[in-house]
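S.K.: Handing you this structure, nothing more for now.
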Amino acid sequence: MKIVLFLAGVVLACQSASANLFLTALENYETYAAPYRDVCIRESGVEASAVDALFKTGDLQETEEMGLFISCLMLNLGVLYPNGQLNEQNLMKYIGVQNPVLADLVFNTCKNTAMANSVSKTALKVAECLLFTIYSQEQHYA
């Protein structure tokens, strides 16, 4: 089942300062991913356009290829261990937001993301949690 977390329309429609917080988090994620982007695209088979959409608009396509891409990034960044468990210290390091109260909220919400039956599915669940939590809370921290 393909589930698409599509926030692009909402983000682009929102002209408030709070939208900048979400977009800044996406930019931070893109910066963290930059050293591994091309290798992870190649290894996962994900379309580069899907990766661009993820980092520009928050469009997280829950496909096998995107899961492999995100797990490749998270493994290289040390956010996930090879067995799929979260490295909480590195999760906080790459949380994507500067506001310490929001960072703690995102961390505490996402650190207990249940492991799925594969590392790539776990990575997708963590990414979805990060994006959704930042997006849903940004109006309180703008």
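Residue numbers for the sequence shown, in mature numbering (1 follows the signal peptide of the UniProt record, and there is no 0): -19 to -1, 1 to 123. Glycine residues also receive a C-beta, built at the ideal position from the N, C-alpha and C atoms.
Pull up the distance between the alpha-carbon of C53 and that of A29, whole angstroms please.
M.R.: Distance between the alpha carbons of C53 and A29: 14 Å.
S.K.: Helix, strand or coil for E28, going by three-state DSSP, please let me know.
M.R.: Coil, per DSSP.
S.K.: What is the residue span of the alpha helix (DSSP H) that Q118 lies within?
M.R.: Start and end: V100 to Y122.
S.K.: Could you round the C-beta distance between Q7 and K37 to whole angstroms and report it? I think they count as a contact, below 8 Å.
M.R.: Here the sequence assigns Leu to residue 7, which means Gln is not the residue at that position. Between K37 and L7 the Cβ distance is about 7 Å, and since that is below 8 Å, they are a contact.
S.K.: I need the boundaries of the alpha helix (DSSP H) containing L83, first residue and last residue.
M.R.: Its alpha helix (DSSP H) spans residues P81 to C91.
S.K.: For T12, count neighbouring Cβ atoms within 10 angstroms of its own Cβ and tell me buried if that reaches 16, exposed if not.
M.R.: Result: exposed.
S.K.: Just grab the DSSP bridge partners of L61 for me.
M.R.: DSSP lists L67 as partners of L61.
S.K.: Contact defined as beta carbons within less than 8 Å: I believe L112 pairs with I51. What is the distance between those atoms, to the nearest angstrom?
M.R.: That belief does not hold up - the Cβ atoms of L112 and I51 are roughly 11 Å apart, past 8 Å.
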